[in-house]
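Enquirer: In the order they appear, the protein sequences are chains A and B. Yeah, the first sequence ends on 117 if you go by my numbering, and it's all consecutive. Yeah, the second sequence ends on 116 if you go by my numbering, and it's all consecutive. Below is the structure I would like to discuss, written out as structure tokens.
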Amino acid sequence: EAQVTQNPRYLITVTGKKLTVTCSQNMNHEYMSWYRQDPGLGLRQIYYSMNVEVTDKGDVPEGYKVSRKEKRNFPLILESPSPNQTSLYFCASSFFPGELFFGEGSRLTVL
Amino acid sequence: GNSVTQMEGPVTLSEEAFLTINCTYTATGYPSLFWYVQYPGEGLQLLLKATKADDKGSNKGFEATYRKETTSFHLEKGSVQVSDSAVYFCALSDLGSSNTGKLIFGQGTTLQVKP
Numbered sequence: 007e008a009q010v011t012q013n014p015r016y017l018i019t020v021t022g023k024k025l026t027v028t029c030s031q032n033m034n035h036e037y038m039s040w041y042r043q044d045p046g047l048g049l050r051q052i053y054y055s056m057n058v059e060v061t062d063k064g065d066v067p068e069g070y071k072v073s074r075k076e077k078r079n080f081p082l083i084l085e086s087p088s089p090n091q092t093s094l095y096f097c098a099s100s101f102f103p104g105e106l107f108f109g110e111g112s113r114l115t116v117l
Numbered sequence: 002g003n004s005v006t007q008m009e010g011p012v013t014l015s016e017e018a019f020l021t022i023n024c025t026y027t028a029t030g031y032p033s034l035f036w037y038v039q040y041p042g043e044g045l046q047l048l049l050k051a052t053k054a055d056d057k058g059s060n061k062g063f064e065a066t067y068r069k070e071t072t073s074f075h076l077e078k079g080s081v082q083v084s085d086s087a088v089y090f091c092a093l094s095d096l097g098s099s100n101t102g103k104l105i106f107g108q109g110t111t112l113q114v115k116p
């Protein structure tokens, strides 16, 4: 089954404790992206990757890092999480930028 | 810059009612337009798309027409069902203008359909 898999789905952590949200896709997509969803703001792009070893900032990259060492994986790293990063995070992928397949989301709470 | 504006929700309808969710956009160039749907507890799924002016996207009884003259992409369905209750997002792709492949989303419109 074609899918984008994110882990963890739910996480409660404390300020400053580094965490990684993993994302893996099994569709051989070149393009991958991370979004955060906040009430009243819709979805905003954090980072994206056009291909392996090629990543770039989206609209709200502050406080986040990504890497793309393999085509299928695109982890999101929060080096020192803060409460304003409490959000619902989505990983997405596609063959062509624009028509995205989304994961089920990771709900992160930073205390 | 590019942006998408959707009608505010929530929208509450009775089963079999007609649905319209308005979406207008601001963009340079010729973006592709999309509607995504998010069911409770799930990620977004592509519902339909249109890639050029006057294109009509359709899927599962939903339709939307790319109107360049009014910069709109309104979502319609003739007869909604309880199972259509979800959040609907209008989006545009900025591939033509900035080549980031970013989807720019509206705020989302919550639809609740009552039996």
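Glycine included, C-beta positions come from ideal geometry on N, C-alpha and C.
#1: Just the chain B side, please: which residues come within less than 8 Å of Glu59 (chain A) by C-beta, in chain order?
#2: Specify the secondary structure class of Asn32 (chain A) as computed by DSSP and reduced to three states.
#3: Can you list, in chain order, the residues of the segment 98–112 of chain A whose Cβ is nearer than 9 Å to any Cβ on chain B?
#4: With H, G and I counted as helix, E and B as strand and the rest as coil, what does DSSP make of Ile90 (chain A)?
#5: Who are the Cβ neighbours of Glu36 (chain A) in its own chain at under 6 Å, not counting the five residues just before and after it?
#6: Just checking: is the beta-carbon of Gly1 (chain B) within a distance shorter than 8 Å of some beta-carbon in chain A?
#7: For a cutoff of 8 Å on Cβ pairs, would you count Gly107 (chain B) as touching chain A?
#8: Looking at chain B, which residues of the segment 66–86 of chain A have a Cβ within less than 7 Å of any of its Cβ atoms?
#9: Among A:Ser30, A:Gln12 and A:Tyr54, which residue has its Cα nearest to the Cα of Arg78 (chain A)?
#10: Where do the N-terminal and C-terminal ends of the beta strand (DSSP E) with Gln43 (chain A) fall, by residue?
#11: How many Å lie between Leu94 (chain A) and Glu16 (chain B) at the Cα?
#12: Hey, does Leu114 (chain A) have any beta-carbon neighbour from chain B nearer than 8 Å?
#13: When the Cα of Thr52 (chain B) is compared with those of B:Asn23, B:Lys69 and B:Val12, which residue comes out closest?
#14: Quick check on Val81 (chain B): does DSSP put it in helix, strand or coil?
#15: When DSSP builds the beta bridges, which residues end up paired with Glu7 (chain A)?
#16: Considering Glu118 (chain B), what are the terminal residues of the beta strand (DSSP E) in which it resides?
#17: Leaving out five residues before and five after Ala18 (chain B) in sequence, what residues of the same chain have Cβ atoms less than 7 Å from its Cβ?
#18: Since Pro45 (chain A) contacts Ser112 (chain A) with CB under 8 Å, what's their CB separation in whole angstroms?
#19: Whose Cβ in chain B lies nearer than 9 Å to the Cβ of Tyr95 (chain A)?
Expert: Walking through what the data contain:
#1: The sequence position of residue 59 (chain A) within the first sequence is 53, counting from 1. Those within 8 Å of Glu59 (chain A) in chain B number zero; the least Cβ separation is about 17 Å.
#2: On the first sequence, position 26 is the one that residue 32 (chain A) refers to. Coil, per DSSP.
#3: Against chain B - using a Cβ distance shorter than 9 Å - the residues of the segment 98–112 of chain A are Ala98, Ser100, Phe102, Pro103, Gly104, Glu105, Leu106, Phe107, Phe108, Gly109, Glu110 and Gly111.
#4: The residue you call residue 90 (chain A) lines up with position 84 of the first sequence. The sequence shown places Asn at residue 90 (chain A), not Ile. In this structure, Asn90 (chain A) counts as helix in the three-state DSSP scheme.
#5: Indexing the first sequence from 1 puts residue 36 (chain A) at position 30. Around Glu36 (chain A): Asn57.
#6: As shown, chain B starts at 2 and ends at 116. That puts residue 1 (chain B) outside it, with no answer to give.
#7: Residue mapping note: residue 107 (chain B) aligns to position 106 of the second sequence, counting from 1. Closer than 8 Å: yes.
#8: none
#9: Here residue 78 (chain A) corresponds to residue number 72 of the first sequence, with the count starting at 1. By alpha-carbon distance to Arg78 (chain A), the top candidate from A:Ser30, A:Gln12 and A:Tyr54 is A:Ser30.
#10: The count along the first sequence starts at 1 and reaches residue 43 (chain A) at position 37. Run containing Gln43 (chain A): Tyr37 to Asp44, per the beta strand (DSSP E) assignment.
#11: Counting from 1 along the first sequence, the entry for residue 94 (chain A) is found at position 88. Counting from 1 along the second sequence, the entry for residue 16 (chain B) is found at position 15. The straight-line gap from Cα to Cα measures roughly 30 Å.
#12: In the first sequence, counting from the first residue as 1, residue 114 (chain A) sits at position 108. No, Leu114 (chain A) lies away from the interface with chain B (no Cβ there is under 8 Å from its Cβ).
#13: For the purposes of this step, residue 52 (chain B) is taken as the residue at position 51 of the second sequence. Closest option to Thr52 (chain B), Cα to Cα, is B:Lys69.
#14: Taking the second sequence and counting its residues from 1, the one referred to as residue 81 (chain B) is at position 80. Val81 (chain B) falls in the coil class under three-state DSSP.
#15: To locate residue 7 (chain A), count along the first sequence from 1; it is residue 1. None; Glu7 (chain A) has no bridge partner.
#16: Look at the range of chain B in this structure, 2 to 116, and you will see that residue 118 (chain B) is not part of it.
#17: Locating residue 18 (chain B) in the second sequence gives position 17, where the first residue counts as 1. Excluding residues within five positions, the ones whose Cβ falls inside 7 Å are Val81.
#18: As a working note, residue 45 (chain A) is residue 39 in the first sequence. As a working note, residue 112 (chain A) is residue 106 in the first sequence. So it is not a contact: roughly 17 Å between Cβ atoms.
#19: Here the question's residue 95 (chain A) lines up with position 89 in the first sequence. Proximity of chain B to Tyr95 (chain A) at the Cβ level (cut-off 9 Å) is not reached, the minimal Cβ distance being about 10 Å.
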